[in-house]
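What follows is a short report on a single structure.
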Ligand SMILES: [Zn+2]
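Numbering (this note's numbering), first residue to last: 3 to 349.
See below:
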């Protein structure tokens with residue numbers, strides 16, 4: 003087991019710890035476990051040992067009405083300011099659990115058992131909690147870190163293959179923006195990793211979380227450096243909102259587009275651009291997707307990271323090194339339209 007403490011957030015990520023050891027980390031408080039139906043189906047006897055709240059499935063659990071239902075159940079179960087919330091699930095469950103914990107009676111302590119690769123490497127680290135507003139993802143939320151996150155690679159074995167791939171999209175992102183060695187590791191161990199080899203997965207999750215932690219420690223409120231973690235996400239979110247792709251798949255397409263833009267705008271060599279897109283393909287992630295350019299543009303205009311007339315866009319200078327560039331929206335629109343019209347899939 004490896005642990006990473008995020009100093010300025012007082013949050014500890016426990017990688018390779020078994021979820022069955024949860025009692026070691028829970029305080030002497032009345033604890034409510036929140037999970038979705040999938041987790042309940044797979045881990046029923048574990049969940050039944052807690053006061054628990056089962057919240058549907060899918061994106062609808064990140065809505066106002068879902069928050070209201072959780073609050074109702076907490077009140078009905080006798081929750082008070084000293085209660086503790088334990089979210090068990092992927093990013094959606096952790097997001098809504100963290101959000102409710104942050105606002106219920108002005109805030110409860112909380113922790114996560116993170117069950118998807120995406121949430122183990124990304125969503126659970128950094129203290130972002132939030133819900134969607136209509137079609138707009140994470141429009142309402144807070145920065146508030148969980149006390150701990152258990153990342154148990156054994157939990158990944160009950161995930162659908164597509165969700166595993168989606169998680170790899172986010173892991174690969176960390177390699178692209180910060181860590182050439184991790185990029186090589188992903189290339190060399192592709193087969194074992196896709197088969198979820200436990201020791202290698204623990205290593206991989208540790209490396210990705212370390213990168214994210216380092217960035218979050220430097221920039222907890224996303225003023226500068228942390229924006230680099232949004233690589234592939236500006237266009238990725240637009241695609242995710244307008245297709246049936248998962249988050250990691252949509253981000254993969256977003257990263258492929260941002261990589262091609264990087265060739266023009268930040269001096270990424272065409273050889274490295276090819277290597278980046280090849281790695282995404284090795285992990286069976288999509289690198290282009292038919293979404294009308296207009297749809298993407300309409301979304302860019304609404305992007306919550308929009309900073310007046312330009313968008314802080316993340317580009318690659320080389321594999322393992324990213325930069326932030328404020329691109330005027332009009333400029334970005336025309337570039338994206340051109341790239342979408344000329345998908346130029348790399349062989
Ligand atoms: Zn993401």
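Beta carbons are placed, not taken as given, at the ideal position from N, Cα and C, and that holds for glycine.
- Placement of the Cβ of residue 176 at a distance of 7 Å or more from every heavy atom of ligand 1 is found.
- Using a Cβ distance threshold of 8 Å, residue 287 and residue 109 do not count as a contacting pair.
- By the neighbour-count criterion, in which 16 or more other beta carbons inside 10 Å mark a residue as buried, residue 67 falls on the exposed side.
- Per the C-alpha coordinates, the member of 38, 136 and 188 positioned closest to residue 60 is 38.
- Here the alpha carbons of residue 102 and residue 111 stand approximately 11 Å from one another.
- Out of 251, 185, 192 and 95, the CA that lies nearest to the CA of residue 209 is found in 185.
- Relative to ligand 1, the beta carbon of residue 251 is positioned no closer than 7 Å to any heavy atom.
- Using a Cβ distance threshold of 8 Å, residue 12 and residue 147 count as a contacting pair.
- Distance check between residue 302 and each of 50, 105 and 237 places 237 closest, using alpha-carbon atoms only.
- The segment 144-163 and the segment 114-129 touch, with no fewer than 3 CB-CB distances between them shorter than 8 Å.
- Taking 8 Å as the cut-off, the Cβ atoms of residue 275 and residue 264 count as close.
- Within the chosen limit of 7 Å, ligand 1 does not reach the beta carbon of residue 314 with any heavy atom.
- Contact check for residue 314 and residue 229: beta-carbon distance about 6 Å, within the 8 Å limit, so the pair qualifies.
- Under the three-pair Cβ rule at 8 Å, the segment 36-56 does not count as touching the segment 254-262.
- Between the segment 241-249 and the segment 150-157, the count of Cβ pairs shorter than 8 Å is below three; the stretches do not touch.
- Here residue 194 is near residue 202, since their CB atoms are less than 8 Å apart.
- Contact between the segment 318-330 and the segment 218-233 is present: three or more C-beta pairs spanning the two stretches fall below 8 Å.
- Per DSSP, reduced to three states, the secondary structure at residue 44 is helical.
- Remark: the shortest separation between the CB of residue 332 and any heavy atom of ligand 1 does not fall under 7 Å.
- Here residue 151 is bridged, per DSSP, to 15 and 114.
- Beta bridge pairing from DSSP links residue 89 with 36 and 114.
- The C-beta separation of residue 123 from residue 211 comes to about 6 Å, placing the pair in contact by the 8 Å criterion.
- Closer than 7 Å to some heavy atom of ligand 1: that does not describe the Cβ of residue 265.
- Uninterrupted alpha helix (DSSP H) stretches at least 4 residues long and entirely within the segment 191-277 occur at 192-196, 200-220, 235-243 and 249-267, given in chain order.
- As computed with DSSP, residue 6 is found in a beta bridge with 15.
- Excluding sequence positions up to five before and after residue 160, its CB lies within less than 6 Å of the CB of 44, all in the same chain and listed in chain order.
- Look at residue 44: its beta carbon is at least 7 Å from all of the heavy atoms in ligand 1.
- Secondary structure of residue 53 (DSSP, three-state): strand.
- Shown here, residue 321 sits in coil according to DSSP, grouped into three states, outside any helix or strand.
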